[in-house]
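Chemist: Quick note on numbering: our numbering labels position 60 of the sequence shown as 169, and the sequence is numbered without any gaps.
Idealized CB from N, CA, C, for every residue including glycine.
Predicted, not measured: the structure shown is a model, and the values here were computed from it.
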Amino acid sequence: MAKKNISFEEALSKLEKIVSDLENNDIPLEKSIQLYKQGMELSLICKEKLENIEEEVKVLQKNAGGKFIEKPFEVSEEEY
């Protein structure tokens, strides 16, 4: 179902729709399982895309000499 060549935004939008459908609609069990599987595929795609982007992101910071240096992007645990 889910294709890895879709954008992060498209995958996230589809995932949000699936979650909404599962939460708010009276869906037969078979359809719920199908939607759940699709949601899991989309969540993996989103996770992979975020991990790939995280590797590419660099943060510029000024060092003591006033020059900009590149530093790998890191998220502190406090931001979760």
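Quick one: Cα of residue 128 to Cα of residue 176, how far?
Modeler: Spanning the two alpha carbons is a distance of roughly 46 Å.
Chemist: With distances taken Cα to Cα, identify the nearest neighbour of residue 162 among 144, 131, 147, 183.
Modeler: Of the candidates 144, 131, 147, 183, the one whose C-alpha sits nearest the C-alpha of residue 162 is 183.
Chemist: Taking residue 127 as part of the beta strand (DSSP E), name the residues at either end of that continuous run.
Modeler: First-last for residue 127: 117-133, but that is the alpha helix (DSSP H), not the beta strand (DSSP E).
Chemist: Please classify residue 156 as buried or exposed, where buried requires at least 16 neighbouring CB atoms within 10 angstroms.
Modeler: With fewer than 16 Cβ atoms within 10 Å of its Cβ, residue 156 is classed as exposed.
Chemist: For residue 165, which option in 130, 133, 181, 114 has the closest C-alpha, if you only look at C-alpha atoms?
Modeler: The option with the nearest alpha carbon to residue 165 is 181.
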